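A.B. asks: Those letters in the sequence shown? Residues 108 to 1225, by this note's numbering. My structure is below; once you've seen it, I'll send some questions.
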Amino acid sequence: MEQPKQVRILYLNEWDRFERTLFRLKQGYELQFRLGPSLQGKDVNVNINYPAASDSFERHRFQTLQWQNPVGGDDSDKYCAVILQMSGSFQFYYVSRNNQRIGAGFIIVDPILRVGHDNQVLPLDCICLQTFLSKCLGPLDEWEARLNVARQTGYNMIHFTPLQTLGLSRSCYSLADQLELNPDFSRPEKLYTWNDVARLVEKLKKEWNMLCITDVVYNHTAANSGWLKKHPECSYNILNSPHLKPAWLLDRALWHLTCDVVKGKYQDRGLPAAIENGSQLDNLRTILWEDIFPKLRLWEFYQVNVDKVVSDFQNALQYGEKKKCDTKQPLKVIQDPEFKRFGCAVNMSTLLKLFMPQGNSPNEIEECCNAVRKRLEELNGERYQELHWHHEQAANCTLGTVSYERLADYGPKLGPVTLKNPLVTRYFTYYFEEMSLAQEEPMMYQPEKAVYFMAHNGWVMGDDPLRNFAEPGSNVYLRRELICWGDSVKLRYGKKPEDCPYLWAHMQKYTEITAKIFYGVRLDNCHSTPIRVAEYMLDTARRIRPNLYVVAELFTGSEEMDNVFVTKLGISSLIREAMSAGDSHEEGRLVYRFGGLPVGSFAQPSVKPLIPKIAHALFMDVTHDNESLIKRRSAHDALPSSTIVSMACCASGSTMGYDYLVPHQISVVSEERLYPVYNPNTRPEYLGEVNQQSGIIAGKQAINKLHRELGANSFFQVYVDQLDEDTVAVTRHCPSNHNSVVAVSRTAFRDPNTSYYKTELSPMYIPGEITEIIMEAMTVHRETDDYREDKYFINGLPQYTVNIHEHTQLSDSKIVKTEVTSKDRSDYVYKINFENFPPGSIIIFRVSLDAKAQETVGILRHHLAQFSPHYKVGSIPDDAPSTILTQSFKSIASDITLADLNLLFYRCDFEEQEDGGGCYSIPNIGALKYAGLQGFISVLADIRPRNDLGHPLCENLRAGDWMMDYISNRLIAHGGKLEEIGKWFEAMFAFVKNLPRYLIPCYFDAILVGAYKTLVDVTLNQMSSFVQNGSSFVKQLALSSLQMCGVGRLPALPRLSGCIEGVPTRHNYITGEIEQCCVSLAAGLPHFAAGLFRCWGRDTFISLRGLMLVTGRYLEAR
């Protein structure tokens, strides 16, 4: 069935700020811009850098979209549009007549990924990614054997860490040459090139149905990069960034302190090379304050030379020209841009204004100079105090680093201070021979040497990610706040390619090589990479690979700040870590947060407002930066946590080693061993091989297969249920056929071998019919040798495997016993009793509606298909429809009068009370504004876009049938055409009442929305041509004619002459006589809608022309 065109409408209002709002769209969608209330009637232009049909994308080239107004008149239907056929990030802004920018924002369009010989689409929610450290794959001709582990485990995307030549540290992310393939991948007799990598990537795509992505590292390069020494201007060095000189001097002092500690010079002061306790840290603090800081005198770089300034001031008084100074600026220190000791200055004009001698005598001039000296010393004192605060932070950070690296149980435990493992990581490169600190300081002022004192890269905890911490104005290096990567140099791009031509060109070439081979990139260190650089490079990549898949991991600390990077860079998926969860409850919350809509969500129209979204997630059970799950939690938790992650409605991922239970983090720096290969017949003692019995590989293969199935078959509704403190149930639901998959996972955040877990679990209730157990599995111990770390291969725990059974019936389960129960007439419920469900176990059920409910839904969708083709999916014919349902609703409602439509749509509480009723009242909300359909539609209009299924109206629908009975019974009681419509609602609601309660709100909404739209069309067709051909705004105003014009139980107007034809009449059930029943105008709502004041002459006649004459209701107006 052809899908309706998807249109999203963004309403623009004055001073809207969308820069930190994420709008995600798919290719093929039409994006319409329309004027909101604050801009209607104004001359506004919308500009967007989405290219015109024949153009390529250029970020700084905008086109002005042309307004279209199909109806004319006012601006309510006026729009400009763009059809999105290209992935990436696109900026828009809108301006007023005088070209003043009013508002701006971004949209991102998802890429379309394809795999296989036939280029079948791989939806983003079907991605199962696994990360490999490239250097652990061995020579290129061995890669397939090792990558086959991912294939046999069910992954369809491989993420390679960088494949380029590595720096001296051997860190996967410290690249010595961004353009050359790592020589480790070649053999002495065979040199491999990028072309060989490209052939492998294409083979994996076409034959294995796997896509490959890799990292791009823009923010730093290895300290030993050959090109960097030829082009030191590409770094932040103390020649082009002289503000770093004090930090460099402190860094050298700390290095010399390391050398002295290694030599034992501070042993007698309680600071040995082997730092083992807090007392020794205190001694280190004392040494910093007594020996290091005073000798460096760093404050002098921020102070003025008092004697020189006073001398200059005195000369200006005696010999200088007296200039009138009107400045109102206070006297302050002007920082020396070259950062020389006592190189700062003050504004002499300001000084002359503030300090003028009373006369010209030598004594008076000397007295004035003394006052100047005093003030300058005060200013220097303020600078000294600032440096004291910086020293305090530097001392705290230094001690914190030493404590983490050498004392903390969660740290690396580096051991004694050595030259290889210094007291703290060096912040700057130093390529020259060692000498004393006093000899090194003059090198700061020798350009040919200063240019090679380059700042290392790193990250700053809690820092503003939009601030470059190496730029002037930042004191991160001076305050030792950088968590430093001592093997990498931070790159200095400037603001545009002209600022550092070689660096931009070099990285552009690096990007082009990557994009030609790989189908996606991971932006390493994204939050610290200058956005303008990442934009430029990604634009380059997308010119080569238009559907580039872009992933990144952000540590900004806020979703709003994440959106800045996501929207500007067009990030396809943000990496989210399950390891950030401290317990199973938090892990389940992450599933709900990062993927899918709530179960039972409302059907959305194909044309609807554009609403903000969260970034699409690549939800990973563990990343290569995470500590091992086995160390952090337990080996038993690998299977259940992987299941929870895979049940999220988003991309999922893992890291090679997790599935076969490597008990430690595989270090991106120090690990040099090789990954194992796949051998289906291997044995546990063969440490270089794995198979389905290794760790949880068999379980992960089944889980990944299920993840792909759920994503491909539109199981995009999610429900997470915390059964107890360790057990999480995740439901994925398909709204078109209402089939579900329910995965129950019993986590093991604590080692079951050493921690207490309760043995009896409360039963679980699953509504619907369980058709099969997709799989049940548990982590079990097997007899084999204990784990020992191999010298050559990255091996896992051999003693654990997974006992798995797939596609079995409930009666064959080894884990649960079930019984069928029922909560009420419409819920067919299974009671699940867990009999053998230890920590580390999972069970996954396939659930459908029971046969009667399936039939009911199918027939209901058949009748709803008259309103939208969306409901044709899953519909079945109604072979025995009730009489009222044999004709379409449009036919039933075609001849209803406008007077009856008033009652059907509206009537406020006072009007309804005249008939002895009232508006429907909802607990926690109160009475609705109208008794008719509009009362419900207005509330649903707020609920529907947000899928707020917790709203009191939805709770009321799930709790009982009262709302449905109110709507149908109210109409039936009025007889005539209203009775027919009421019986139609009654027949439709009869289907809804027999559905599971969680489905009632969405189908109730579907019935009301379909009927409401049909009735609006019927209404407008009875009005004047001005209304019928008018704009949306005119039509909405015309509906107020229904709202204000109605027939009450009591005649509101005097009798009309019997000579007038066509006067409506009715039977008075009290007097038994026939009486006139003309519509009357309400003077106001709600207080002037009933009784004596309803027809208040002044108000009704003021509104008569607009409500009745303009709408063509001439007879009723008469």
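Yeah, the Cβ is synthetic: ideal placement off N, Cα and C, and Gly gets one too. On a predicted model such as this, the values are computed, not experimentally measured, just so you know.
CB A972 to CB L1122, shorter than 8 Å?
C.D. replies: Reading the sequence shown from its first residue, position 865 is the one you call residue 972. Reading the sequence shown from its first residue, position 1015 is the one you call residue 1122. Against a cut-off of 8 Å, the Cβ pair of L1122 and A972 comes out as no contact.
A.B. asks: Cα separation between W406 and G333?
C.D. replies: Here the question's residue 406 lines up with position 299 in the sequence shown. Here the question's residue 333 lines up with position 226 in the sequence shown. Rounded to whole angstroms, W406 to G333 spans 36 Å at the Cα level.
A.B. asks: Could you give the distance in angstroms between the alpha-carbon of A1197 and the alpha-carbon of E1018?
C.D. replies: The residue you call residue 1197 lines up with position 1090 of the sequence shown. The residue you call residue 1018 lines up with position 911 of the sequence shown. Cα to Cα, A1197 sits roughly 5 Å from E1018.
A.B. asks: Am I right that V524 and V369 are in contact with their C-beta atoms under 8 Å? What's the rounded C-beta distance?
C.D. replies: Numbered from 1 along the sequence shown, position 417 holds the residue referred to as residue 524. Numbered from 1 along the sequence shown, position 262 holds the residue referred to as residue 369. Rounded, the Cβ-Cβ distance is 6 Å, consistent with contact.
A.B. asks: Taking C-alpha atoms, which residue in A758, L270 and C235 lies nearest to V263?
C.D. replies: Here residue 263 corresponds to residue number 156 of the sequence shown, with the count starting at 1. The sequence shown places Asn at residue 263, not Val. When each option's Cα is compared against that of N263, the closest is C235.
A.B. asks: Given this structure, state the Cα-to-Cα distance separating V797 from D957, to the nearest angstrom.
C.D. replies: The residue labelled residue 797 in the question sits at position 690 within the sequence shown. The residue labelled residue 957 in the question sits at position 850 within the sequence shown. Computed Cα separation, rounded: 43 Å.
A.B. asks: Identify whether L725 lies in helix, strand or coil by the three-state DSSP scheme.
C.D. replies: The residue labelled residue 725 in the question sits at position 618 within the sequence shown. L725 falls in the strand class under three-state DSSP.
A.B. asks: I'd like the ranges of any beta strand (DSSP E) spanning at least 3 consecutive residues and lying wholly in the region 855-928.
C.D. replies: 871-874, 876-888, 907-915 and 923-928
A.B. asks: Would DSSP call C607 helix, strand or coil?
C.D. replies: Working through the sequence shown from its first residue, we reach residue 607 at position 500. Note: C607 maps to coil in three-state DSSP.
A.B. asks: Can you check the region 737-777 for any beta strand (DSSP E) of at least 3 residues that lies completely inside it and give the ranges in chain order?
C.D. replies: 758-762
A.B. asks: Label I922 either buried or exposed according to how many other C-beta atoms from any shown protein chain fall within 10 Å of its C-beta, with 16 as the threshold for buried.
C.D. replies: In the sequence shown, residue 922 corresponds to position 815, counting from 1. By the neighbour-count rule (16 or more Cβ atoms within 10 Å), I922 is buried.
A.B. asks: On the DSSP letters alone, give me the boundaries of the alpha helix (DSSP H) that C504 sits inside.
C.D. replies: Counted from its first residue, the sequence shown places residue 504 at position 397. Run containing C504: P469 to R513, per the alpha helix (DSSP H) assignment.
A.B. asks: Taking only three categories from DSSP, how would you classify Q1143?
C.D. replies: In the sequence shown, the residue the question calls residue 1143 occupies position 1036. Q1143 falls in the helix class under three-state DSSP.
A.B. asks: R131 and I215: beta carbons closer than 8 Å?
C.D. replies: The residue labelled residue 131 in the question sits at position 24 within the sequence shown. The residue labelled residue 215 in the question sits at position 108 within the sequence shown. A Cβ-Cβ contact shorter than 8 Å links R131 with I215.
A.B. asks: Under the three-state reduction of DSSP, which class applies to L697: helix, strand or coil?
C.D. replies: The residue labelled residue 697 in the question sits at position 590 within the sequence shown. Looking at L697 - three-state DSSP - the assignment turns out to be helix.
A.B. asks: Hey, how far is the Cα of N1076 from the Cα of G1089?
C.D. replies: The sequence position of residue 1076 within the sequence shown is 969, counting from 1. The sequence position of residue 1089 within the sequence shown is 982, counting from 1. Their backbone Cα atoms lie some 7 Å apart in a straight line.
A.B. asks: From the DSSP output, in three-state form, read off R141 for me.
C.D. replies: Taking the first residue of the sequence shown as position 1, residue 141 is located at position 34. DSSP, read as helix, strand or coil, puts R141 in strand.
A.B. asks: Please confirm whether G802 and T908 have their CB atoms less than 8 Å apart.
C.D. replies: Position 695 of the sequence shown holds residue 802. Position 801 of the sequence shown holds residue 908. Cβ distance < 8 Å, so G802 and T908 count as in contact.
A.B. asks: Does the distance from the CB of L1040 to the CB of Y1027 come in under 8 Å?
C.D. replies: Taking the sequence shown and counting its residues from 1, the one referred to as residue 1040 is at position 933. Taking the sequence shown and counting its residues from 1, the one referred to as residue 1027 is at position 920. For L1040 and Y1027, no; Cβs fall outside 8 Å.
A.B. asks: At 4 residues or longer, what runs of the alpha helix (DSSP H) sit wholly inside the region 347-411?
C.D. replies: 352-369, 385-394 and 400-403
A.B. asks: By Cβ distance, which residues of its chain are closer than 7 Å to A478, with the 5 residues on each side in sequence left out?
C.D. replies: Residue 478 sits at position 371 when you count from the first residue of the sequence shown. If we look at A478 and ignore the five residues flanking it on each side, its Cβ neighbours are F462.
A.B. asks: Is there contact here, the region 720-728 with the region 643-650, by at least three beta-carbon pairs under 8 Å?
C.D. replies: no
A.B. asks: Measuring alpha carbon to alpha carbon, tell me which of E1180, L486 and Q425 ends up nearest Q442.
C.D. replies: The residue given as residue 442 occupies position 335 in the sequence shown. Its Cα nearest to that of Q442, the residue L486 stands out among E1180, L486 and Q425.
A.B. asks: Got a sec, what are the start and stop residues for the beta strand (DSSP E) A836 sits in?
C.D. replies: Locating residue 836 in the sequence shown gives position 729, counting from the first residue. A836: member of the beta strand (DSSP E) spanning T834 to H840, first to last residue.
A.B. asks: Bridge partners for W566 per DSSP, in chain order?
C.D. replies: The residue labelled residue 566 in the question sits at position 459 within the sequence shown. Answer by DSSP bridge pairing, in chain order: I590.
A.B. asks: For L676, which residues of its own chain have a beta-carbon under 8 Å away from its beta-carbon, when the five flanking residues on both sides are left out?
C.D. replies: On the sequence shown, position 569 is the one that residue 676 refers to. If you ignore the 5 residues before and after L676, its C-beta comes within less than 8 Å of the C-beta of S196, L630, C633, I638, A641, E642, L645, V657 and A659, all in its own chain and listed in chain order.
A.B. asks: Between T886, R359 and I737, which lies nearest to L403 when the distance is taken from Cα to Cα?
C.D. replies: Residue 403 sits at position 296 when you count from the first residue of the sequence shown. Of T886, R359 and I737, the smallest CA-CA separation from L403 is found for R359.
A.B. asks: Going by C-alpha to C-alpha distance, which of S735, A381 and G261 sits closest to K812?
C.D. replies: What you label residue 812 is simply residue 705 of the sequence shown in a count that begins at 1. That would be G261, whose Cα lies nearest to the Cα of K812.
A.B. asks: With DSSP run on the structure shown, which of helix, strand or coil describes N1076?
C.D. replies: In the sequence shown, residue 1076 corresponds to position 969, counting from 1. N1076: helix per DSSP, three-state reduction.
A.B. asks: Tell me the residue span of the alpha helix (DSSP H) that contains N1063.
C.D. replies: For the purposes of this step, residue 1063 is taken as the residue at position 956 of the sequence shown. Segment P1059 to A1066, the alpha helix (DSSP H) holding N1063.
A.B. asks: Using 8 Å as the Cβ pair cut-off and three pairs as the minimum, do the region 748-757 and the region 813-833 touch?
C.D. replies: yes
A.B. asks: Taking DSSP as the reference, what is the three-state secondary structure of A1196?
C.D. replies: For this step, residue 1196 is matched to residue 1089 along the sequence shown. The answer is coil: DSSP assigns A1196 none of H, G, I, E or B.
A.B. asks: How many Å lie between I394 and F420 at the Cα?
C.D. replies: The residue given as residue 394 occupies position 287 in the sequence shown. The residue given as residue 420 occupies position 313 in the sequence shown. The straight-line gap from Cα to Cα measures roughly 40 Å.
A.B. asks: Taking H363 as the reference, give the member of Y157, T963, E541 and D162 with the closest Cα.
C.D. replies: Start at 1 with the first residue of the sequence shown, and residue 363 comes out as number 256. For the residues Y157, T963, E541 and D162, the minimum Cα distance to H363 belongs to E541.
A.B. asks: Ends of the beta strand (DSSP E) at S948?
C.D. replies: Stepping through the sequence shown from its first residue, residue 948 is reached at position 841. Residues S948 to S955.
A.B. asks: Helix or strand or just coil, what does DSSP make of H634?
C.D. replies: Start at 1 with the first residue of the sequence shown, and residue 634 comes out as number 527. Three-state result, H634: helix.
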